[in-house]
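Order-wise, the sequence lines are chains A and B.
In terms of this note's numbering, the first sequence is residues 2 to 256.
In terms of this note's numbering, the second sequence is residues 2 to 256.
For each residue, glycine too, the CB sits at the ideal point set by N, CA and C.
Keep in mind the model is a prediction, meaning the values are calculated, not measured.
Before any comments, here is the structure.
Protein chains: 2
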Amino acid sequence: MRRSTVPSRPSAKARWPEIRARPFDRERDPSTQIENLLSRKQQSKLRAIATVLEYQRSNNTVFSEGEDAHFVYSVVAGVVRVTRHSDSGRRQVLALMLPGDLFGLPDAGLYVNSAETVCPATLYRVPWAQLREMLLREPEMQINLLIRVAFDLRQAQRRIMILGQHNVAQRLSSFLLDFMQHSDFYDARRRLLTLPLTRFDIGDYLGTAPETVARAFARLEKAALVRRHSSRVIEIRNADALRSLVGGRRRVSPH
Amino acid sequence: MRRSTVPSRPSAKARWPEIRARPFDRERDPSTQIENLLSRKQQSKLRAIATVLEYQRSNNTVFSEGEDAHFVYSVVAGVVRVTRHSDSGRRQVLALMLPGDLFGLPDAGLYVNSAETVCPATLYRVPWAQLREMLLREPEMQINLLIRVAFDLRQAQRRIMILGQHNVAQRLSSFLLDFMQHSDFYDARRRLLTLPLTRFDIGDYLGTAPETVARAFARLEKAALVRRHSSRVIEIRNADALRSLVGGRRRVSPH
DNA sequence: CGAGCGTTTGAGATAGCTCAAGCCGGGTGG
DNA sequence: CCACCCGGCTTGAGCTATCTCAAACGCTCG
């Protein structure tokens, strides 16, 4: 078993948590999408039961598949990868959670996926039991949760499209274009994209091997669509060409 | 553009609807999953606003992506494929809706996917506006919808795993094993699976070409895991071997 | 300055794509 | 009732994208 096998990817360096938890502090917290969906009153109720977690490092486990699910999480800052391992032990990154995203909804009381930090991150943690009660009392709040889950479903369907139809260069382009939407990672003026992920993470996200990701980068660079300033810092030289690459065919006719 | 291009797949024979709609008739309708989640009172309310649609043929359009979304649907009998077309015009089958499944939730008032019958089918049609109001009034009903959408999300994540990690023979095995769960299609005693889908549909579901699906069937047959009685009728000769195939590695080491 | 991880590139093997041709079964019309 | 036709299915051939194993490179941290 060379890589990508069960417990985790390369950095199984098992650094330990170093997480600090503190009660919700209204003053310090930037507003997030989930809050924006709620009324002030609802927000304050949610804050009353939320805890803020600060993960100082990457590759920290938030929760693991199969564990009892007591909490739901929301990203305040940083990036969390939501993963699942297939029977063969290979890891798939199902989704990347960015600020404002919600994750950790239980299935029959258990987490079905694992979640780890991809870089230092700040999260809200909300006890599921209390949230559940609150939802039953407040239909408007619940419908907001429904909207979020429906959004996640559409995102997942988008991933299905990409995995089912695109070659690796197209998937990578699509991934880069997605990250360019977030000013946390993309400096639009200088056209510089700073990726928080390793090639292993990107590979597991795109359903391919890290070497293939590296080669896809090389290919995009040769075609002058991007330029690698370093492995994590990518200059976007031609976003339109990236877009039209994604829109093209998976394979060009051999004739 | 040989196949799999925009409007639809081979049978663009454009047969027209022949749909019959009738008000909900309590006596004739088998209970479906969505109803099972609801109390009697809720059920009767839902029935009051539901219409039953009967599609007599396959390849009938229920709705198309981009249309205004006025209704939500639930499958009573038959199979519906939910599809989306990529920019290149290729079709992806995002999900197959079987009896009890719900589909057609709008995104910003529009359908984001298309839905077509795969065989003759009976559906419930519920006006979204009325359902929405009902949900706001009845939190328990809403939480059931939330559970359904969360279920769909997990299904979609499962598809992501399969598309991202498995080779075509594994995907096909996984597809067959799924269908074996439904007594509508699988005769457990005789071990006969009757597929409602063409090779084109299966290919678009599994993210591959129909020829490759045919070859995967040939491979499974040669390994004595299945036997094709006809292209649509498959004898399952070794379900355990199918399962362990799915659990194995995508590609065997070359050495 | 060495170790370790992550990245890149190379080489060889192969699964799956595309085009093409033949087959097969069921429905239709003579 | 049979022959034909058409759509779907299968198989073949050639090509290439991607996988796997290897090896070398280069940060970064200690």
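* Taking C-beta pairs closer than 9 Å, name the residues in chain A that B/GLY248 reaches, listed in chain order. => Counting from one through the second sequence, the residue named residue 248 of chain B turns up at place 247. Within chain A, the residues near B/GLY248 are SER87, ASP88 and SER89.
* Please confirm if A/VAL253 has its CB atom under 8 Å from at least one CB of chain B. => Within the first sequence, the letter at position 252 stands for residue 253 of chain A. It does not: the Cβ of A/VAL253 has no partner Cβ on chain B nearer than 8 Å.
* Kindly say whether A/GLN34, judged by its beta-carbon, lies nearer than 8 Å to any beta-carbon of chain B. => What you label residue 34 of chain A is simply residue 33 of the first sequence in a count that begins at 1. Residue confidence for A/GLN34 is low, a pLDDT of 45 falling below 50, so the modelled location carries little weight and cannot support an answer.
* Asked: Are any of the Cβ atoms in chain A nearer than 8 Å to that of B/ALA240?
  -> Along the second sequence, read from residue 1 onward, the residue named residue 240 of chain B stands at position 239. By this cut-off, B/ALA240 is not an interface position.
* **Residue burial classification, B/SER175 (beta-carbon count within 10 angstroms, cutoff 16)** => On the second sequence, position 174 is the one that residue 175 of chain B refers to. By the Cβ neighbour-count rule, B/SER175 is buried, with 16 or more other Cβ atoms within 10 Å of its own.
* What separation, rounded to the nearest whole angstrom, lies between the Cα atoms of A/VAL119 and A/GLN57? -> Counted from its first residue, the first sequence places residue 119 of chain A at position 118. Counted from its first residue, the first sequence places residue 57 of chain A at position 56. Those two C-alpha atoms are separated by around 11 Å.
* Validate contact between the region 76-89 of chain B and the region 98-108 of chain B using beta carbons, cut 8 Å, 3 pairs -> yes
* To do: With 7 Å as the C-beta to C-beta threshold (strictly closer), list the residues of the region 150-183 of chain B near chain A in chain order.
  => VAL150, ALA151, ASP153, LEU154, ARG155, ALA157, GLN158, ARG160, ILE161, MET162, LEU164, GLY165 and GLN166
* To do: Please work out which residues of its chain come closer than 8 Å, Cβ to Cβ, to A/ARG85, disregarding the five sequence neighbours upstream and downstream, and give them in chain order.
  => Within the first sequence, numbered from 1, the residue matching residue 85 of chain A stands at position 84. If we look at A/ARG85 and ignore the five residues flanking it on each side, its Cβ neighbours are GLU66, ARG92, GLN93, LEU95, VAL113, ASN114 and SER115.
* Asked: By how many angstroms is the C-alpha of B/ARG233 removed from the C-alpha of B/LEU198?
  -> Stepping through the second sequence from its first residue, residue 198 of chain B is reached at position 197. Stepping through the second sequence from its first residue, residue 233 of chain B is reached at position 232. Approximately 7 Å between the Cα atoms of the pair.
* **Within the region 188-215 of chain A, ranges of the alpha helix (DSSP H) (whole runs, at least 4 residues)** => 200-207
* Would you please verify whether the beta carbon of B/GLY105 is less than 8 Å from any beta carbon of chain A? => As a position in the second sequence, residue 105 of chain B is number 104, starting the count at 1. For B/GLY105, the answer is no, since every Cβ of chain A falls outside 8 Å of its Cβ.
* Starting from the C-beta of A/MET142, find all residues in its chain whose C-beta is less than 7 Å away, skip the five residues before and the five after it, and write them out in chain order. => Walking along the first sequence from the start, residue 142 of chain A turns up at place 141. Around A/MET142: LEU39, GLN43, MET135 and LEU136.
* Rounded C-alpha distance that separates B/HIS256 from A/ALA225 -> Translated into positions along the second sequence, residue 256 of chain B becomes position 255. Translated into positions along the first sequence, residue 225 of chain A becomes position 224. Cα to Cα, the separation comes out at about 37 Å.
* Would you say A/LEU177 and A/LEU207 are within 8 Å of each other, going by their C-beta atoms? -> The sequence position of residue 177 of chain A within the first sequence is 176, counting from 1. The sequence position of residue 207 of chain A within the first sequence is 206, counting from 1. No, the Cβ-Cβ distance between A/LEU177 and A/LEU207 is not below 8 Å.
* To do: Kindly say whether A/GLY208, judged by its beta-carbon, lies nearer than 8 Å to any beta-carbon of chain B.
  => Your numbering for residue 208 of chain A matches position 207 in the first sequence. Yes, because at least one Cβ of chain B sits closer than 8 Å to the Cβ of A/GLY208.
* **Below-8 Å beta-carbon distance, A/ILE203 vs any chain B residue** => As a position in the first sequence, residue 203 of chain A is number 202, starting the count at 1. No, no contact with chain B.
* So B/ALA242 packs on A/GLN158, CB below 8 Å; how close in whole Å? -> As a working note, residue 242 of chain B is residue 241 in the second sequence. As a working note, residue 158 of chain A is residue 157 in the first sequence. The C-beta distance from B/ALA242 to A/GLN158 rounds to 31 Å, too long to fall under 8 Å, and the pair is not in contact.
* To do: Flag this pair as touching only if the region 104-112 of chain A and the region 66-76 of chain A have three or more C-beta atom pairs under 8 Å; answer yes or no.
  => yes
* Asked: Does DSSP classify B/MET98 as helix, strand or coil?
  -> Within the second sequence, residue 98 of chain B is the residue found at index 97, counting from 1. Three-state result, B/MET98: strand.
* Asked: Are A/LEU196 and A/ILE237 closer than 8 Å when you measure CB to CB?
  -> Walking along the first sequence from the start, residue 196 of chain A turns up at place 195. Walking along the first sequence from the start, residue 237 of chain A turns up at place 236. Cβ atoms of A/LEU196 and A/ILE237: not closer than 8 Å.
* To do: Give, in chain order, every residue of the region 126-147 of chain A whose Cβ lies closer than 9 Å to some Cβ of chain B.
  => ARG133, LEU136, LEU137, ARG138, GLU139, PRO140, GLU141, GLN143, ILE144, LEU146 and LEU147
* Residue environment, A/SER231, which counts as buried when at least 16 other CB atoms sit within 10 Å -> Along the first sequence, read from residue 1 onward, the residue named residue 231 of chain A stands at position 230. Answer is exposed; the Cβ neighbour count stays below 16.
* Under 9 Å from the C-beta of B/ASP108: neighbouring residues of chain A -> Against the second sequence, residue 108 of chain B aligns to sequence position 107. Simply ALA151, PHE152 and ARG155.
* Compare the C-beta of A/VAL113 against all C-beta atoms of chain B and say whether one is closer than 8 Å. => Here residue 113 of chain A refers to the residue found at position 112 when the first sequence is read from its first residue. Chain B contact via Cβ: present.
* Return helix, strand or coil for B/PRO24, following the three-state DSSP convention. => Your numbering for residue 24 of chain B matches position 23 in the second sequence. Residue confidence for B/PRO24 is low, a pLDDT of 49 falling below 50, so the modelled location carries little weight and cannot support an answer.
* Asked: Rounded to whole angstroms, how far is the Cβ of B/ALA122 from the Cβ of B/VAL150, which I believe are closer than 8 Å?
  -> To locate residue 122 of chain B, count along the second sequence from 1; it is residue 121. To locate residue 150 of chain B, count along the second sequence from 1; it is residue 149. Rounded, the Cβ-Cβ distance is 22 Å, inconsistent with contact.
* **Contact check, B/GLN131 vs B/LEU246, beta carbons under 8 Å** => Within the second sequence, numbered from 1, the residue matching residue 131 of chain B stands at position 130. Within the second sequence, numbered from 1, the residue matching residue 246 of chain B stands at position 245. Cβ distance not < 8 Å, so B/GLN131 and B/LEU246 don't count as in contact.
* **Per-residue contacts from A/GLN44 into chain B (C-beta, under 7 Å)** => The residue labelled residue 44 of chain A in the question sits at position 43 within the first sequence. Under the 7 Å cutoff, chain B gives no residues; its nearest Cβ is about 19 Å from A/GLN44.
* Which partner residues of A/ALA78 appear in the DSSP bridge assignment? -> The residue given as residue 78 of chain A occupies position 77 in the first sequence. BP columns for A/ALA78 point to A/THR123.
* To do: Look at A/LEU124 and A/LEU54 and say whether their C-beta atoms are less than 8 Å apart.
  => In the first sequence, residue 124 of chain A corresponds to position 123, counting from 1. In the first sequence, residue 54 of chain A corresponds to position 53, counting from 1. For A/LEU124 and A/LEU54, yes; Cβs fall inside 8 Å.
* Just mark B/GLY165 as buried or exposed, buried being the case when its beta carbon has 16 or more other beta carbons within 10 Å. => Taking the first residue of the second sequence as 1, we reach residue 165 of chain B at position 164. Buried is the call here.
* Under 7 Å between beta-carbons, which chain B residues line up against A/LEU97? List them in chain order, please. => Within the first sequence, numbered from 1, the residue matching residue 97 of chain A stands at position 96. Here the premise fails: no neighbours, minimum Cβ distance about 13 Å.
* Can you give me the start and stop residues for the alpha helix (DSSP H) that A/ARG133 sits inside? => As a first step, residue 133 of chain A must be located in the first sequence, where it is residue number 132. Unbroken alpha helix (DSSP H) run through A/ARG133: 129-138.
* Asked: For A/SER254, does the count of other Cβ atoms within 10 angstroms reach 16, so buried, or fall short, so exposed?
  -> Counted from its first residue, the first sequence places residue 254 of chain A at position 253. It counts as exposed.
* How is A/GLU68 classed by DSSP in three states: helix, strand or coil? -> Counting from one through the first sequence, the residue named residue 68 of chain A turns up at place 67. DSSP places A/GLU68 in coil when its eight states are reduced to three.
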